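Asker: Starting off with a structure, shown below.
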Amino acid sequence: MANFTPEELRLAEPQPIEESTLEAWYMDDSDADQRLPHKLEPNQPCSLQALRELGVLSWKLDADKWENDPKLEAIKKVRSYNYTEVIEISPDRLPGYADKIKSFYEEHIHTDEEIRYILDGRGYFDVRDIQDRWIRIQCAKGDLIVLPEGIYHRFTLDTNDYLKAMRLFVGVPVWTPHNRPQEENPSRLNYLKAFGKQQAAAA
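Going by the working numbering, the first residue of the sequence shown is number 687, and it counts up by one from there.
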């Protein structure tokens, strides 16, 4: 069993709800450019508490010192993230950009957590709630976000078309999307068992 110091455990705690700077909102159903905010009129914000009930975790870190950050190292250690890689997503830096962005925006699940730390730029993670509504989460420089295994989600850049991010993994890095429908997928069933009741109660 791993041994963690009290300081490591403290640093690895997700951001307290009352201190959150993460912005999220319920999306409209417009088929306009996916990179636009897609806020309802009037805007309907989604609280960090509601995201927690979906299993979404977040931290705010100092992205300017990501190569030597005790808080990031504590998160990695406590949560067993032992493989990382840094990627840049933009038309001129990601081979096959158009196809990759299209793939990212297909609604899907993973059989592991999806962990992303935004080092520069900005993008949107969209997640489904228990009522099948889309919630758009704006992720900017310094945001570290964890989406639980089995949650329906998708990703897009904003209109700046640039993101630099660290991908974190437990063990061998695997990024395999399982596009919806996945109702009988064990990861989806596990997700509903873990978070479905919380969401239903909140609704």
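For each residue, glycine too, the CB sits at the ideal point set by N, CA and C.
Remember, predicted model here, so these are calculated numbers, not experimental data.
Can you give me the Cβ contacts of Lys762 inside the same chain, cut-off strictly under 8 Å, excluding the 5 residues immediately before and after it?
Answerer: Excluding residues within five positions, the ones whose Cβ falls inside 8 Å are Asn768, Thr770 and Leu854.
Asker: Taking Cβ to Cβ, would you say Ala851 is nearer than 7 Å to Arg808?
Answerer: no
Asker: Would Arg819 and Tyr810 be called neighbours here (beta carbons separated by less than 7 Å)?
Answerer: no
Asker: Per the DSSP calculation, Asp812 is bridged to which residue(s)?
Answerer: Arg822 and Arg840
Asker: First and last residue of the alpha helix (DSSP H) that includes Glu739?
Answerer: Leu734 to Glu739
Asker: Does the beta carbon of Tyr769 fall short of 6 Å from some heavy atom of the ligand MG?
Answerer: By its list of ligands, the structure shown contains no ligand whatsoever, and the ligand MG lies outside what it can speak to.
Asker: On the DSSP letters alone, give me the boundaries of the alpha helix (DSSP H) that Asp785 sits inside.
Answerer: Tyr783 to Phe790
Asker: Take the Cβ of Ile773 as the centre, count every other Cβ of all protein chains shown within 10 Å, and call the residue buried at 16 or more, exposed below.
Answerer: exposed
Asker: Return the first residue and the last residue of the alpha helix (DSSP H) that Glu759 is part of.
Answerer: Pro756 to Val764
Asker: Between Gln730 and Trp711, how many whole angstroms is the CB-CB distance? I'm expecting something under 8 Å.
Answerer: 6 Å
Asker: What's the gap between the Cα of Met713 and the Cα of Asp812?
Answerer: 9 Å
Asker: Residue range of the alpha helix (DSSP H) that Ser873 falls in?
Answerer: Pro872 to Tyr877
Asker: Roughly how many angstroms lie between the CA atoms of Asn689 and Ser766, to the nearest whole one?
Answerer: 12 Å
Asker: Report the three-state DSSP secondary structure of Ala889 (helix, strand or coil).
Answerer: Only weak support is given to the placement of Ala889: the predicted model assigns it a pLDDT of 48, under 50, and the question is left unresolved by the model.
Asker: So what does Gly807 bridge to, in DSSP terms?
Answerer: Beta-bridge partners of Gly807 (DSSP): Leu849.
Asker: Ordered along the chain, which non-local residues of its own chain (more than five positions away) have a Cβ less than 6 Å from that of Glu800?
Answerer: Leu833
Asker: Applying the 10 Å Cβ sphere with the 16-neighbour rule, what's the burial state of Ile795?
Answerer: buried
Asker: Can you name the start and end residues of the alpha helix (DSSP H) that Glu693 belongs to?
Answerer: Pro692 to Ala698
Asker: Would you report the Cα separation of Ala698 and Trp861, rounded to the nearest angstrom?
Answerer: 24 Å
Asker: Since Leu743 and Asp829 are thought to touch, with beta carbons under 8 Å apart, how far apart are those beta carbons, to the nearest angstrom?
Answerer: About 11 Å; that fails the 8 Å criterion.
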